[in-house]
Structure formats: structure tokens, C-alpha cells
Amino acid sequence: MCCHIRCNNYDITEDEQIADNDAEFEKMEDDLEYLKVSFQKILFQLKTADNVQMHKSRIPNEVFLKLPDVSLPDDVSFNGNIDNWSNFKAQFDSLITNNSTLNETQQLFYLRSVLKGDAKLVETQEDDFNSLMKVLID
Numbered sequence: 017m018c019c020h021i022r023c024n025n026y027d028i029t030e031d032e033q034i035a036d037n038d039a040e041f042e043k044m045e046d047d048l049e050y051l052k053v054s055f056q057k058i059l060f061q062l063k064t065a066d067n068v069q070m071h072k073s074r075i076p077n078e079v080f081l082k083l084p085d086v087s088l089p090d091d092v093s094f095n096g097n098i099d100n101w102s103n104f105k106a107q108f109d110s111l112i113t114n115n116s117t118l119n120e121t122q123q124l125f126y127l128r129s130v131l132k133g134d135a136k137l138v139e140t141q142e143d144d145f146n147s148l149m150k151v152l153i154d
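Numbered according to the working numbering, the sequence shown spans residues 17 to 154.
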């Protein structure tokens, strides 16, 4: 478009003014290029934001659900004392491990919430319920 305007300008402008007009046209072309790049950046940012929003809307709703309310008695905790292990394990298994409404991540959360003292410091290679329970059993 600028080229068309510039060519028409040559037809009606005197020779002395052509150099001045060329400088103005170049500035206009630079400004147009700057605006074009700016609009492309804005469009890219909008597309990226839309993609993020679409991705968020595809995340299953269960990810955002709160944990089921499981009332754990105050005495259901394990501090690492081997003498308390059998009683703790039996209670925990009946309330949490054998609860079919809980997935492994939820079970891990509940297990970590009842560990006290030395037992709370236990670490595993994999951060999952079965590996933590195995380390505690061993």
C-alpha cells in the first residue's frame, strides 16, 4: 500500500521534495512494520492465553475435589514406636487402606497426616502410598 502511495507521490511532487517525502515514507513504513509486529505479538499472547484456558478446562473436575471426610480417631497415629505398630496398622487399614472410595494419592495424604515423630521423617524413593507403607512395615 505504501509503495502505491509513494509511486503516486512521485507523479505529483516536484523533484526537490521527493527526498523529503521519501524520508517520511520510510518512517511511515517503519512505523507500520512496528505496528504489525506489535499486533502479531498481541495475537500470539492471546492465542497462548486461550490455549492455557482450554487446557485448564480439559483438566478433570476430580482434580479439584477436596478429600473425602474420613474421621480418624485421635489415637490413630504412628510415631515410629514398634510396640504401637500392629494396633495402628489395623485401624489405619480398616479406615483408609481398605476404603475403596479413596485413591492412592488420598491414602498417601491420610497416611502422612497421622505420622508423628520419627515416623514422620521416613522418606521413600517413590512418593506414593505403597512405597511409604512398605518402608514403615519393614
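Cβ coordinates follow ideal geometry from the N, Cα and C atoms, glycine included.
For F94, there is no enclosing alpha helix (DSSP H), as DSSP marks it with neither H nor E. Selection F55, L148, F60 evaluated against F125 yields L148 as nearest (Cα-Cα). Secondary structure of L131 (DSSP, three-state): strand. Rounded to the nearest whole angstrom, the C-alpha separation of D134 and V53 is 60 Å.
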